[in-house]
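When we follow this note's numbering, the leftmost residue of the sequence shown carries the number 2, and every step to the right adds one. Cβ atoms here follow ideal geometry from the backbone N, Cα and C, with glycine treated the same way. In this text, all values refer to a predicted model and were calculated from it rather than measured experimentally.
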Amino acid sequence: MVVSPPRPPGPEGRPRSPRAGRPPALHTRAGLLALDRAVVVGVLNATPDSFSDGGVHEDPSRAAAAAVEMVAAGAGMLDLGAESTRPGAIPVPREEELRRLLPVLRAVRAAVRVPLSVDTTRAAVAAAAIAEGADVVNDISAGRADAAMFSSCAAAGVPIVLMHMQGTPATMQAEPRYEDVVGEVTSFLSQRAEAARAAGIAAEAIVLDPGIGFGKTVAQNCRLLGRLDALVALGYPVLVGVSRKSFLGRLLGGRDAGGRLFGTAAAVALAVAGGAKLVRVHDVAAIHDVVVVSEAVLGT
Ligand code: HH2
Numbered sequence: 002m003v004v005s006p007p008r009p010p011g012p013e014g015r016p017r018s019p020r021a022g023r024p025p026a027l028h029t030r031a032g033l034l035a036l037d038r039a040v041v042v043g044v045l046n047a048t049p050d051s052f053s054d055g056g057v058h059e060d061p062s063r064a065a066a067a068a069v070e071m072v073a074a075g076a077g078m079l080d081l082g083a084e085s086t087r088p089g090a091i092p093v094p095r096e097e098e099l100r101r102l103l104p105v106l107r108a109v110r111a112a113v114r115v116p117l118s119v120d121t122t123r124a125a126v127a128a129a130a131i132a133e134g135a136d137v138v139n140d141i142s143a144g145r146a147d148a149a150m151f152s153s154c155a156a157a158g159v160p161i162v163l164m165h166m167q168g169t170p171a172t173m174q175a176e177p178r179y180e181d182v183v184g185e186v187t188s189f190l191s192q193r194a195e196a197a198r199a200a201g202i203a204a205e206a207i208v209l210d211p212g213i214g215f216g217k218t219v220a221q222n223c224r225l226l227g228r229l230d231a232l233v234a235l236g237y238p239v240l241v242g243v244s245r246k247s248f249l250g251r252l253l254g255g256r257d258a259g260g261r262l263f264g265t266a267a268a269v270a271l272a273v274a275g276g277a278k279l280v281r282v283h284d285v286a287a288i289h290d291v292v293v294v295s296e297a298v299l300g301t
């Protein structure tokens, strides 16, 4: 078990980057995922009810074909989920989550070499997925849903994405409340990162995510995106998931998920400008172009 020692504060009392002096990268079993440029993470949901790709990737061979296509279009990582977290979603039993996930994961693992993350809040599902070749755990509860999640990831040596969410998917959009959304999300994620490190997860294996759409109003989502610098300043790579989300539909006069590509593109360009190093999206080819042009303009 590796516990990184606490680091002294950086210049002007700001927290020093946990990866100061090292090229930004995520160490995964599939190899080093360089983060000097933003990585496009393709979404593959093995679910019947996800809000935008539900029912499309439940079949393992279709999922594998979609994975190959996403990688060819520029995805540097793929995120596989088997339980919808859309607002109002009811959790599925663990056995059902595994029944949906594992055949798709096996087929995708056999088809592509890029790192695969598994979108789950259950340590047992994460462990089963890691045994079948998943490289990263994406936990939208930031380790709060299952007390064994951090120790499981630490033991397996896999990176973890820690996401902010107010409430649970079933209740989160009821009445999201914050005094200071940027400060509260940043301080929550800083504390979860400390808890993950205390449980033995290396600082280099932690990614933070503001959880766009998870217990936030349209204005709160926009504020978080516009002030991503506050989260980036914690020194961990930041992942942002805006793809086709309902706040974009609301901003665009009630547009449905299929009509949110340009809104997604705008939000991704601004997220990259704000320092996001991973962008989780459904439309990989289009958003890959957005990322390439954004990075070129930023000169990174
Ligand atoms: N968003 C969704 C699911 N998982 N994980 C992270 N880290 N960040 C996100 O923003 C995020 C996430 C929701 O999108 P999707 O998977 O397309 O829908 P559903 O939850 O309905 O399957």
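Please classify Asp230: does DSSP put it in a helix, a strand, or coil?
helix
Which residue comes first and which comes last in the beta strand (DSSP E) that contains Ile207?
207-210
Beta strand (DSSP E) containing Leu279: first to last residue?
279-282
Taking Cβ positions, are Arg281 and Val44 nearer each other than 7 Å?
yes
The stretch 141-157 / the stretch 192-203 touching (three or more Cβ pairs under 8 Å)
yes
So, for Glu296: in the same chain, excluding its five sequence neighbours on each side, which residues have a beta-carbon less than 8 Å away from its beta-carbon?
Arg38, Ala39, Val273
For a test of the three-state rule: what should DSSP assign to Leu33, helix, strand or coil?
strand
Looking at the strands, I want to know which residues DSSP matches up with Asn236.
Per the sequence shown, residue 236 should be read as Gly rather than Asn. Beta-bridge pairing links Gly236 to no other residue.
With a threshold of 6 Å on Cβ separation, who are the neighbours of Ala124 within its own chain once the five nearest residues in sequence on each side are excluded?
Result list for Ala124: Asp147, Ala149, Met150, Ser153, in chain order.
What would DSSP say about Gly184, mapped onto helix, strand or coil?
helix
For Ile141 and Val105, I'd like the C-alpha separation in whole angstroms.
20 Å
DSSP on Ser51, reduced to helix/strand/coil?
coil
Rounded to the nearest angstrom, what separates Ala206 and Gly212 at their Cα positions?
So the two alpha carbons sit approximately 18 Å from each other.
For Met78, does the three-state DSSP call read helix, strand or coil?
strand
CB of Leu279 within 7 Å of CB of Gly264, strictly
no
Please state whether DSSP places Met166 in a helix, a strand or coil.
Coil at Met166, not helix or strand.
Would you report the Cα separation of Pro170 and Ile91, rounded to the nearest angstrom?
7 Å
Where does His28 sit, in a helix, a strand or coil, going by DSSP?
strand
Gly264: CB within 6 Å of a non-hydrogen atom of the ligand HH2
no
Please state whether DSSP places Val41 in a helix, a strand or coil.
strand
Environment of Leu33 [buried if 16+ CB atoms lie within 10 Å]:
Result: exposed.
Expressed to the nearest angstrom, what Euclidean distance is found between the alpha-carbon atoms of Gly216 and Ser51?
17 Å
At the level of alpha carbons, what is the spacing between Ala128 and Met164?
If you take the alpha carbons of Ala128 and Met164, they lie about 19 Å apart.
7 Å Cβ cutoff met for Asp136 and Ala268:
no
Say whether chain C places a C-beta atom closer than 7 Å to the C-beta of Gly300.
Here there is only one protein chain, and chain C is not present.
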